[in-house]
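Heads up: the sequence shown is residues 14 to 285, going by this note's numbering. Yeah, the Cβ is synthetic: ideal placement off N, Cα and C, and Gly gets one too. Reviewing the structure listed below.
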Amino acid sequence: MARPQSPEARREALKEQYASARACTRCPHLVATRTQVVFGAGNADADLMFVGEAPGRDEDLKGIPFVGRAGRLLESLLAEIGLTREDVFIANVLKCRPPDNRNPTADEIERCSPWLMRQLELIRPTVVVTLGNFATKLIREDPTSITRIRGRVELRRIGTRTVRLLPVLHPAAALYTPSNRELLQSDFALIAGLLAQGAPEQTGEGEAAGRLGEGEAVGEDDRADETRPVGEREPVGDPRDGDRCEPSDEAAAPATGAPANGALDEAQLGLF
Ligand code: URA
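Structure below.
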């Protein structure tokens, strides 16, 4: 896949991805219940990118990630370290709301993750903060629970680039638990130092980046021990159909009613 280099070219490519993602029908169950695709929002050339889990009700209605209560906490955590949403890009593992805020399924994550990987490639953050278990497990390709590794910085290769990865608790886990808020605050306090270090040395193609933190042994699936209140979760069957859209460098087919790629409404995408 071609890699646009300049910030302008990457921004345009991101807008094309947005237009393409808006028409995504890879997960028919989610297509049937979503109001809209929540692609991600923020600074298209951000050094710092956050990856959450999936849109909730507020995000589904507004089309922008983290605009509900967890989002307000995220904004206040950012403010405490002198940042605003305009400084960062915020995306989710899933771009569509799982009904009743249930957990994303493995199948949905697999179908949706190419969008996230393409976003990471186009935005080129040097620091990626994963919020909670789903984002952390996906980016680390490892089932170790967030509660065991939060606050431990790693160098991680994501696609073609190595980033500084900081796994932290999901903000929703801190809404009713002050001790989790303190953990989030202490982990967010690491961000300025990570940004100051600049981009990590880029390892060769295919070469795995080493971990910086004192990692835990891996191999367990301890998804259940995340402390965030996930609300009413319900198991669902795996969607199997509808594989018709792909992240790509090609001009994407805009969703019905969307303007042509170049004229995409940036406010709608929430780009700064
Ligand atoms: N929780 C998430 O993980 N993402 C959102 O966008 C909102 C809440």
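CB contact flag (residue i, residue j, <7 Å)
| i | j | result |
| --- | --- | --- |
| Arg169 | Leu179 | no |
| Leu197 | Val181 | yes |
| Thr149 | Ile136 | no |
| Ala26 | Val50 | no |
| Thr143 | Val64 | yes |
| Phe147 | Glu66 | yes |
| Ala185 | Ala104 | no |
| Ala59 | Arg24 | no |
| Pro112 | Thr46 | yes |
| Ile204 | Ile122 | no |
| Val101 | Gly145 | no |
| Val106 | Leu74 | no |
| Gly109 | Leu61 | Going by the sequence as given, residue 109 is Cys instead of Gly. Not closer than 7 Å, so no. |
| Arg131 | Arg39 | no |
Per-residue DSSP class, three states only, for residue i
| i | result |
| --- | --- |
| Glu66 | coil |
| Val243 | Unreliable placement is indicated for Val243, whose pLDDT of 35 sits below 50; no coordinate value is reported for it. |
| Gly55 | strand |
| Leu107 | coil |
| Val44 | helix |
Where residue i falls, given that 16 or more other Cβ within 10 Å makes a residue buried
| i | result |
| --- | --- |
| Leu134 | Residue identity check: residue 134 is Glu in the sequence provided, not Leu. Under this definition Glu134 is a buried residue. |
| Gln30 | buried |
| Gly69 | buried |
| Gly81 | buried |
Cβ of residue i within 7 Å of any chain C Cβ
| i | result |
| --- | --- |
| Tyr189 | The question asks about chain C, but that chain is absent: this structure has only one protein chain. |
Within 7 Å of the ligand URA: residues by beta-carbon to any heavy atom
Val51, Gly65, Glu66, Ala67, Pro68, Gly69, Glu72, Pro78, Phe79, Gly81, Ala83, Gly84, Asn105, Leu144, Gly145, His183, Ala185
Which whole runs of the beta strand (DSSP E) in the segment 137-208 are 3 residues long or more, in chain order?
140-144, 167-171, 174-181
Every unbroken beta strand (DSSP E) within the segment 74-105, with a cutoff of 3 residues, ordered by chain:
101-105
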